[in-house]
Amino acid sequence: MREGRDEAIDRRRLKVCIIGASGKLGRYMVQHALDRGYEVVAVCREKSAGKLEAFAGRITVLPGQTNDREVIRRAVAGCDGVLAVLVPWGVHGYSTGTAQAVLDYAPADARLVFSCGWHISRDGRDLYSLRLRALVKVFSAVGRLTRLLDIRDQEEACRRVFASEKRWTVVRGSDLEEGESQGLPVWSRHVGDPILESNTTRRIDYALFMVEALVDDGLIHEAPAIVGCRTPSALANGPGATRER
Ligand SMILES: NC(=O)c1ccc[n+]([C@@H]2O[C@H](COP(=O)([O-])OP(=O)(O)OC[C@H]3O[C@@H](n4cnc5c(N)ncnc54)[C@H](OP(=O)(O)O)[C@@H]3O)[C@@H](O)[C@H]2O)c1
39 MREGRDEAID
49 RRRLKVCIIG
59 ASGKLGRYMV
69 QHALDRGYEV
79 VAVCREKSAG
89 KLEAFAGRIT
99 VLPGQTNDRE
109 VIRRAVAGCD
119 GVLAVLVPWG
129 VHGYSTGTAQ
139 AVLDYAPADA
149 RLVFSCGWHI
159 SRDGRDLYSL
169 RLRALVKVFS
179 AVGRLTRLLD
189 IRDQEEACRR
199 VFASEKRWTV
209 VRGSDLEEGE
219 SQGLPVWSRH
229 VGDPILESNT
239 TRRIDYALFM
249 VEALVDDGLI
259 HEAPAIVGCR
269 TPSALANGPG
279 ATRER
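If you read the sequence shown in the working numbering, its first letter stands for residue 39, the second for the next number, and so on.
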């Protein structure tokens, strides 16, 4: 999926804000962005800033809650792109707060790329396995009971992104695993497509897809569900294939 790539943007040094930079996905995204020579502004919780120590001197860190509107406002100022990790921690709209602040404060022409899981559906045409439906139900119930997380918050965050006219992409991750990069994941518009059947992506490659999306205009207003490019289902259904159902 490189036809839509914006070569003009690609040639200059992008300024990119990474929200949730201290997490596992976040740190991979920081590395990929630095590998491309991008300027990186990282937002992470104050107590997690130490996790970005390896990047000291190469990135700007703005410590703060990732749903703090004032922190986000400062962080995204002048950015060409924003990469936001949406995780529905707690029961007070953490993901929604992050998404709304990014939508409100990112420059009008900035590329906005958000992460979430396959369980988020843009148009209701995804076909979910029994296993995934059961997992979402259990996580929702346990999360609400313990007040640790609220999956409805991530759903609301994505609803707001989908309704926005900004230049967004919502990248829906499969189950994740660690390991060396296998290359850019392949994607489909709908879960249930055979290409996604293997349901596994290396986390480092999820981050690669997020960072690549910044310069791929073909992904604007898309919610790609991704899977590793070397997984059996990706290999069986054609490299780089984008399927519609
Ligand atoms: N894990 C999976 O199998 C999976 C599958 C599909 C999609 N995804 C998506 O991938 C993205 C990253 O997920 P991940 O599992 O790889 O996690 P991750 O990168 O480790 O990210 C977790 C994020 O949540 C923050 N966080 C952790 N505890 C928190 C708390 N109590 N309050 C506020 N923030 C807290 C972390 O910040 P600190 O560094 O400050 O702790 C970090 O920014 C998410 O959007 C997720 O929906 C994950």
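The beta-carbon is built from N, C-alpha and C at its ideal position, and this holds for glycine as well.
**Study point:** Contacts around F200, its chain only, beta-carbon distance under 6 Å, and the 5 residues preceding and following it disregarded
**Key:** R160
Review point. Are at least three pairs of beta-carbons, each pair with one atom in the region 256-264 and one in the region 75-90, less than 8 Å apart?
Key: no
Review point. Roughly how many angstroms lie between the CA atoms of L234 and W225, to the nearest whole one?
Key: 7 Å
Check your understanding: I think L183 touches G128, with their Cβ atoms under 8 Å apart; what is that distance to the nearest whole Å?
Key -> Not really, about 13 Å apart at Cβ, beyond 8 Å.
Practice item. Please say whether E215 and R241 have beta carbons closer to each other than 8 Å? Key: yes
Review point. For A59, which option in V123, R111, D106 has the closest C-alpha, if you only look at C-alpha atoms?
Key: V123
Review point. Quick check: the region 168-179 against the region 138-145, are there 3 or more CB pairs under 8 Å?
Key: no
Review point. So what's T104 in DSSP terms, helix, strand or just coil?
Key: coil
Check your understanding: Mapping DSSP to helix, strand and coil, what is R40?
Key -> For R40, the pLDDT reaches just 43, beneath the cut-off of 50, and the residue's location in the model is therefore unreliable, leaving the point undetermined.
Exercise for review: Spatial neighbours of L121 within its chain, please: CB distance less than 6 Å, with the 5 preceding and 5 following residues excluded, ordered by chain position.
Suggested key: I56, M67, V151, M248
**Study point:** Check: D191 C-beta below 7 Å from any heavy atom of ligand 1
**Key:** Incorrect: D191 has no Cβ contact closer than 7 Å to ligand 1.
Check your understanding: Terminal residues of the continuous alpha helix (DSSP H) containing C196?
Key -> 189-201
Review point. Can you find a C-beta in chain D that's less than 8 Å from the C-beta of E91?
Key: Among the chains of the structure shown, chain D does not appear; only one protein chain is present.
Check your understanding: Within the present structure, is the beta-carbon of R241 separated from the nearest heavy atom of ligand 3 by less than 7 Å?
Key -> As for ligand 3, it is missing from this structure, which binds only ligand 1.
Review point. Counting along the chain, where does the alpha helix (DSSP H) carrying A122 start and finish?
Key: Here A122 belongs to no alpha helix (DSSP H); instead the beta strand (DSSP E) covers 119-123.
Point to revise | Per-residue burial, L165 [other beta carbons within 10 Å of its own, 16 or more giving buried] | key: exposed
Exercise for review: Express the C-alpha separation of R227 and A179 in angstroms, rounding to a whole number.
Suggested key: 28 Å
Check your understanding: How close, in whole Å, do the beta carbons of S153 and L252 come, if the pair is a contact with beta carbons under 8 Å?
Key -> Rounded, the Cβ-Cβ distance is 13 Å, inconsistent with contact.
Check your understanding: With 16 other CB atoms within 10 Å as the buried threshold, where does R169 fall?
Key -> exposed
**Study point:** Straight-line gap, D106 to A115 (C-alpha atoms, nearest Å)
**Key:** Going by C-alpha positions, D106 is about 14 Å away from A115.
Practice item. Just the C-alpha distance for S271 and L222, rounded to the nearest angstrom, thanks. Key: 15 Å
Review point. Can you tell which of A148, Q138, N237, Q220 has its C-alpha closest to the C-alpha of C196?
Key: Q138
Exercise for review: Please name the residue in R185, N237, K89 whose C-alpha comes closest to that of H157.
Suggested key: N237
Practice item. Closer than 8 Å by C-beta to R112: which residues in its own chain qualify, once you throw out the five before and the five after it? Chain order, please. Key: L100
Point to revise | E91 - DSSP class collapsed to helix/strand/coil | key: Three-state result, E91: helix.
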